[in-house]
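Since the structure comes first, as structure tokens, the remarks are kept for the end.
Number of protein chains: 2
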Amino acid sequence: MRGHVTDGSSGVSRAPLQEACLFTVCPYLEQKGTMSVVKLEEWRQRIRKELDNAVAFWLKYSHDTTHGGFFTCIGRDGKVYDELKYVWLQGRQVWMYCRLYRTMERFRKPEILEAAKAGGAFLRKFARVSSSSGQWKCAFCLTRDGKALKIQRTIFSECFYIMAMDELSRVTGDKDMQLEAEQMMEQLIYWVRVDSSGLGRPQLPGDVPTNSMAVPMMLLCLVEQLTEGRARDVAQKYRELASWCVQQILQHIQRDGTAILESVSLEGAELPGCQGRLQNPGHALEAGWFLLQVSAEQEDEELRRTAINKFVELPYQDGWDKEHGGLFYFLDVDGHCPTQLEWNMKLWWPHCEALIAFLMAYSQTKKPELLERFSEVYEYTLNHFPDPESGEWFGYLTQEGKVALDFKGGPFKGFFHVPRCLYMCERMLDDLLAKKD
Amino acid sequence: MRGHVTDGSSGVSRAPLQEACLFTVCPYLEQKGTMSVVKLEEWRQRIRKELDNAVAFWLKYSHDTTHGGFFTCIGRDGKVYDELKYVWLQGRQVWMYCRLYRTMERFRKPEILEAAKAGGAFLRKFARVSSSSGQWKCAFCLTRDGKALKIQRTIFSECFYIMAMDELSRVTGDKDMQLEAEQMMEQLIYWVRVDSSGLGRPQLPGDVPTNSMAVPMMLLCLVEQLTEGRARDVAQKYRELASWCVQQILQHIQRDGTAILESVSLEGAELPGCQGRLQNPGHALEAGWFLLQVSAEQEDEELRRTAINKFVELPYQDGWDKEHGGLFYFLDVDGHCPTQLEWNMKLWWPHCEALIAFLMAYSQTKKPELLERFSEVYEYTLNHFPDPESGEWFGYLTQEGKVALDFKGGPFKGFFHVPRCLYMCERMLDDLLAKKD
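Quick mapping for you: the protein sequence lines, in order, are chains A and B. Numbering follows the UniProt record's numbering, in which position 90 of the first sequence is assigned residue number 90; successive positions increment by one, without gaps. Numbering follows the UniProt record's numbering, in which position 400 of the second sequence is assigned residue number 400; successive positions increment by one, without gaps.
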């Protein structure tokens with residue numbers, strides 16, 4: 001293993017020197033532990049190009065101008081290979097278009113706004129289906145013309161529906177839509193914290209409720225979404241929830257602080273068997289940068305340290321494939337073989353999360369080791385996932401880094417992780433370079 | 001491609017010569033298109049050894065003498081890595097133990113009978129849970145002490161429950177148990193042919209009912225199970241169902257007879273999108289030998305030809321990896337990339353089905369090309385799946401044939417496909433060699 005980030009004084013004491021090196025403009029001064037501004041600029045340019053490329057790909061190939069919404073199953077060359085519309089991906093694409101439109105000058109284009117509005121209208125018209133409990137559930141998958149085909153007994157379709165509606169309301173100024181997002185959020189909170197029976201899962205004696213990391217992560221992400229830049233009373237409304245989410249996420253630090261486990265008991269204890277030992281390094285890294293955002297907003301230095309040491313460094317140490325590079329999809333903390341057939345594959349999204357996490361951790365601390373990690377993940381990611389022939393990124397590689405599934409969009413890969421990562425990294429690099437200027 | 005099986009006269013006209021070659025005892029006479037009796041004997045001995053080895057492995061490691069039933073999550077070296085009990089695998093293990101006990105002299109041992117009875121008792125006590133419709137559903141997964149943890153909204157747990165109960169009743173003579181199997185069978189038939197709402201799936205407008213090959217295959221398998229050697233009135237009772245199952249399976253021959261597709265419409269037409277184009281070569285091969293059994297019982301020469309040409313030869317031609325050997329798990333008939341992450345992996349069970357299918361097809365026709373195919377699949381299978389260190393077989397290889405998941409038992413791999421294949425192949429080789437004697 002290359003030099004780990006060290007806690008406390010030794011790392012801090014090295015910082016001034018390293019920071020000086022960082023902004024040296026001579027490329028030949030680059031050495032282990034230092035990065036030049038040239039490198040930051042090189043990264044920014046490549047990332048900017050990749051983002052433009054990804055946006056162009058989805059604008060060109062994914063819009064269904066006949067029935068509305070977005071095609072999500074898009075082959076290597078842009079051809080639609082299945083017309084089903086996955087609701088997670090509809091919501092995420094609306095959100096991403098709006099976020100780009102709202103916050104990045106070069107994407108403030110009518111065609112992006114129109115696509116986002118069309119996607120939002122499709123979602124509002126078709127995604128919500130009434131469940132047997134009389135509550136609104138969102139479908140997981142729709143036919144091309146909007147007929148519900150599958151409903152998951154989880155909260156995630158609703159989460160991406162809320163993200164889409166809130167972000168869309170920010171660019172259109174539609175207050176009804178914002179209200180709708182908040183109402184759906186109330187429903188979600190009820191399912192998670194009061195009574196989950198509306199989700200439709202039968203209550204079984206062996207099915208003990210658990211704290212699955214995805215749930216507090218998604219809720220925390222939604223709190224960020226709903227409160228960003230809004231009046232104090234909105235932030236106030238969700239303050240206790242945000243704090244609960246952070247605590248729920250922190251419960252996943254297990255084994256005396258040496259591992260992040262994907263599911264724990266409601267009391268924060270390790271669960272038995274495979275479920276209890278499961279690790280998902282990409283997911284832990286994503287939680288890491290969610291926590292880093294909170295720590296920055298709240299100026300909580302302890303949370304920042306925990307986020308970096310436990311949710312960024314640990315998953316990288318455990319999850320990085322020392323032989324072939326890249327992050328494993330799943331691991332078992334005791335080294336048993338996971339039962340997920342795809343456990344050793346290299347997926348695009350954990351690498352996206354790792355890029356965001358390391359660059360954010362570096363931005364907040366200026367510890368050069370974190371930028372070295374970013375560099376390592378960047379090299380693997382940019383050398384393996386982008387498709388130089390047809391644009392956008394492949395999503396699924398073998399352990400050895402060969403493309404295993406060559407489509408650009410599928411049931412779980414849409415216009416989301418790639419552009420979100422590129423967008424966030426570009427902005428962080430902008431800030432880092434601006435400070436230098 | 002090496003010589004395909006040809007229909008009709010040319011194949012038949014070559015048969016006498018080939019058959020003469022087949023039973024030449026001099027190994028040096030082995031050539032392309034011929035197999036010596038020495039080869040058959042070599043295969044039988046290896047297969048017999050592998051079967052003994054598999055039985056010994058599961059007898060040694062899988063019995064839960066505290067709570068009853070079988071551990072199904074068993075690591076490479078035999079160690080239990082999860083105590084959950086998967087009901088499909090409980091039922092299959094009871095069935096396999098009983099079948100071996102009942103039909104193979106060397107397995108007629110008290111410890112095998114006792115284990116089967118203990119597994120049956122565990123299933124009867126814990127597997128059935130009452131569903132919201134008041135009908136009996138079987139759980140998919142139980143805790144070690146038998147508490148239901150998950151229920152699938154399909155018929156398969158019930159299918160393996162029936163197989164277990166019927167086969168167990170044959171060795172114990174327990175008529176109540178046989179009756180219970182038949183009653184569960186009535187429930188299944190009702191779900192499949194009359195009203196599936198008891199399975200618990202919500203009716204959604206986009207979720208069009210389909211003919212999924214697994215359903216008629218399982219029912220046909222159960223008809224074979226429930227009628228074998230029983231009085232004429234039992235066979236009579238299920239005759240129409242068997243015929244319906246065969247017709248439902250034959251509907252999966254699509255694209256002018258050039259492909260077997262895994263799901264078709266209820267009218268036997270191709271479905272749109274990925275679902276419609278999906279191929280599962282191992283499953284088609286399994287259907288092939290199910291149909292071959294029916295064709296032999298009914299002396300239906302046309303069904304035999306269809307079974308061999310369409311369900312044995314075609315899936316092999318399409319599904320065999322010309323570069324690395326082995327059968328792909330999933331394919332798309334139009335050559336798109338499947339969306340299943342594991343599509344290009346080599347799983348143990350399709351190879352088990354292929355061995356049975358080719359040896360049965362050869363046994364019934366004596367066409368040497370079919371034995372050549374068997375030989376090819378045999379070489380790949382025996383060279384890649386068995387674990388020379390700790391016994392039993394690995395289940396999951398990468399496309400290139402490297403072990404990707406090293407456990408011997410998992411949520412879907414238990415004491416079933418390996419021993420069923422070895423058991424059936426040993427018996428077929430016994431018959432082939434006995435005829436020579």
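Backbone N, C-alpha and C define an ideal beta-carbon position, used for all residues, glycine too. Predicted, not measured: the structure shown is a model, and the values here were computed from it.
I need the straight-line Cα distance from L84/A to H252/A, nearest angstrom please. Looking up residue 84/A in the first sequence gives position 84. Looking up residue 252/A in the first sequence gives position 252. One alpha carbon belongs to L84/A, the other to H252/A, and they sit about 35 Å apart.
Could you pull out every residue in the same chain whose Cβ sits closer than 7 Å to the Cβ of K32/B, ignoring the five residues on either side in sequence? One-based indexing of the second sequence puts residue 32/B at position 32. Because the pLDDT of K32/B is 46, which lies under 50, any placement of that residue in the model is unreliable, and the question is left without a value.
Answer yes or no: do V192/B and L219/B have a C-beta to C-beta separation smaller than 8 Å? Reading the second sequence from its first residue, position 192 is the one you call residue 192/B. Reading the second sequence from its first residue, position 219 is the one you call residue 219/B. Cβ distance < 8 Å, so V192/B and L219/B count as in contact.
Please give me, in chain order, every unbroken run of the beta strand (DSSP E) with length at least 3 that falls completely inside the segment 243-314 of chain B. As summarised for the segment 243-314 of chain B, the continuous beta strand (DSSP E) elements at least 3 residues long and confined to that stretch are 263-265, given in chain order.
What do you get for T66/B, buried or exposed, if any count of 16 or more other CB atoms within 10 angstroms of its CB means buried? Residue mapping note: residue 66/B aligns to position 66 of the second sequence, counting from 1. With fewer than 16 Cβ atoms within 10 Å of its Cβ, T66/B is classed as exposed.
How many Å lie between C421/B and D256/A at the Cα? Walking along the second sequence from the start, residue 421/B turns up at place 421. Walking along the first sequence from the start, residue 256/A turns up at place 256. Between the alpha carbons of C421/B and D256/A lies a distance of about 47 Å.
Determine the direct distance from the alpha carbon of D64/A to that of G3/B, and round the result to whole angstroms. Start at 1 with the first residue of the second sequence, and residue 3/B comes out as number 3. Start at 1 with the first residue of the first sequence, and residue 64/A comes out as number 64. Low confidence applies to G3/B: its pLDDT is 35, below 50, so where it sits in the model is not reliable enough to give any reading.
Determine, using beta-carbon pairs with one atom in the segment 168-186 of chain A and one in the segment 117-125 of chain A, whether at least three such pairs fall under 8 Å. As far as the Cβ criterion goes, the segment 168-186 of chain A touches the segment 117-125 of chain A, which means the pair count is three or higher.
So with Cβ pairs under 8 Å, would you call Y61/B a contact of chain A? Position 61 of the second sequence, counting from 1, holds the residue named residue 61/B. Taking Cβ atoms only, chain A never reaches closer than 8 Å to Y61/B, which makes this a no.
Environment of T339/A [buried if 16+ CB atoms lie within 10 Å]: The residue given as residue 339/A occupies position 339 in the first sequence. It counts as buried.
What are the partner residues of D332/A, as DSSP defines its beta bridges? If you number the first sequence from 1, residue 332/A lands on position 332. BP columns for D332/A point to L278/A.
Keeping to the same chain, check which residues put their C-beta closer than 8 Å to that of C274/A; ignore five residues upstream and five downstream. To locate residue 274/A, count along the first sequence from 1; it is residue 274. Cβ neighbours of C274/A beyond the five flanking positions: D332, H336, P338 and T339.
Please state whether DSSP places V208/A in a helix, a strand or coil. To locate residue 208/A, count along the first sequence from 1; it is residue 208. In this structure, V208/A counts as coil in the three-state DSSP scheme.
Would I151/A count as contacting chain B if we go by Cβ distances under 8 Å? Along the first sequence, read from residue 1 onward, the residue named residue 151/A stands at position 151. Interface with chain B (8 Å Cβ-Cβ cutoff): I151/A is included.
Looking at the unbroken alpha helix (DSSP H) that takes in C337/A, where does it start and where does it end? In the first sequence, counting from the first residue as 1, residue 337/A sits at position 337. Bounds of any alpha helix (DSSP H) do not take in C337/A, whose DSSP letter is neither H nor E.
Proximal chain C residues relative to K147/A, where beta-carbon distance stays under 7 Å: As a matter of chain content, chain C is missing from the structure shown, whose protein chains are A and B.
Taking 8 Å as the threshold, find out whether the segment 263-277 of chain B comes into contact with the segment 285-305 of chain B through three or more Cβ pairs. No: the two stretches stay apart, fewer than three of their Cβ pairs being nearer than 8 Å.
Is the beta carbon of L199/A closer than 8 Å to that of R128/A? Stepping through the first sequence from its first residue, residue 128/A is reached at position 128. Stepping through the first sequence from its first residue, residue 199/A is reached at position 199. Going by C-beta atoms, R128/A is not nearer than 8 Å to L199/A.
Listing by chain order, which chain B residues have their CB less than 7 Å from the CB of D82/A? The residue given as residue 82/A occupies position 82 in the first sequence. Those within 7 Å of D82/A in chain B are G273 and C274.
According to DSSP, is P350/B part of a helix, a strand, or is it coil? Indexing the second sequence from 1 puts residue 350/B at position 350. P350/B falls in the helix class under three-state DSSP.
Beta-carbon proximity list for T227/B, same chain, < 7 Å, skipping 5 on both sides: As a working note, residue 227/B is residue 227 in the second sequence. Within its own chain, the residues whose Cβ lies closer than 7 Å to the Cβ of T227/B, once the five positions on either side in sequence are excluded, are V234, A235 and Y238, listed in chain order.
Kindly indicate the opening and closing residues of the beta strand (DSSP E) around L89/A. For the purposes of this step, residue 89/A is taken as residue 89 along the first sequence, with counting starting at 1. Per DSSP, L89/A belongs to no beta strand (DSSP E); it is in the alpha helix (DSSP H), V87 to T103.
Out of L250/B, L359/B and L179/B, state which residue places its alpha-carbon closest to the alpha-carbon of N211/B. The sequence position of residue 211/B within the second sequence is 211, counting from 1. Comparing Cα positions, the closest option is L250/B.
How about D166/A and A148/A: are their beta carbons less than 8 Å apart? Position 166 of the first sequence, counting from 1, holds the residue named residue 166/A. Position 148 of the first sequence, counting from 1, holds the residue named residue 148/A. Result no, Cβ atoms of D166/A and A148/A do not sit closer than 8 Å.
Extent of the continuous alpha helix (DSSP H) run through L168/B: Translated into the one-based positions of the second sequence, residue 168/B becomes position 168. That run of the alpha helix (DSSP H) goes F156 to T172.
Within this structure, are the beta carbons of L261/B and G282/B separated by less than 8 Å? The sequence position of residue 261/B within the second sequence is 261, counting from 1. The sequence position of residue 282/B within the second sequence is 282, counting from 1. Taking C-beta atoms as the reference points, L261/B and G282/B fail to come closer than 8 Å.
Just the Cα atoms here: how many angstroms apart are Q135/A and H384/A? On the first sequence, position 135 is the one that residue 135/A refers to. On the first sequence, position 384 is the one that residue 384/A refers to. Using only the alpha carbons, I get a separation of about 44 Å.
Within its chain, find whatever has a CB closer than 6 Å to the CB of G146/A; leave out the 5 residues flanking it on each side and keep chain order. If you number the first sequence from 1, residue 146/A lands on position 146. So the list reads F126, once near-sequence residues are dropped.
Any C-beta of chain B under 8 Å from that of K435/A: Here residue 435/A refers to the residue found at position 435 when the first sequence is read from its first residue. Chain B contact via Cβ: absent.
Taking 8 Å as the threshold (beta carbon to beta carbon), is T381/B in contact with chain A? One-based indexing of the second sequence puts residue 381/B at position 381. Answer no: the Cβ-Cβ gap between T381/B and chain A never drops below 8 Å.
Measure from the C-beta of D77/A to each C-beta in chain B and report whether the shortest distance is under 8 Å. Indexing the first sequence from 1 puts residue 77/A at position 77. The beta carbon of D77/A does not come within 8 Å of any beta carbon belonging to chain B, so the residue lies off that interface.
Based on DSSP bridge pairs, tell me the residues matched to H63/A. As a first step, residue 63/A is located in the first sequence; it is residue number 63 there, counting from the start. DSSP output for H63/A lists F70/A as bridge partner(s).
Residue-chain proximity (M345/B, chain A), Cβ-Cβ < 8 Å: One-based indexing of the second sequence puts residue 345/B at position 345. Yes, contact with chain A.
Taking only beta-carbon atoms, is residue 443/B less than 8 Å away from chain A? Because chain B is modelled from 1 through 437, residue 443/B falls outside the range shown and cannot be assessed.
To be precise: take each residue of the segment 330-343 of chain B, compare its Cβ to all Cβ atoms of chain A, and keep it if any distance is under 9 Å. Which residues remain? So the list reads D332, D334, H336, C337, P338, T339, Q340, L341, E342 and W343, given in the order they occur along the chain.
How many whole angstroms separate the CB atoms of W95/A and A164/A, which I take to be in contact at a CB cut-off of 8 Å? Residue mapping note: residue 95/A aligns to position 95 of the first sequence, counting from 1. Residue mapping note: residue 164/A aligns to position 164 of the first sequence, counting from 1. Confirmed, about 5 Å.
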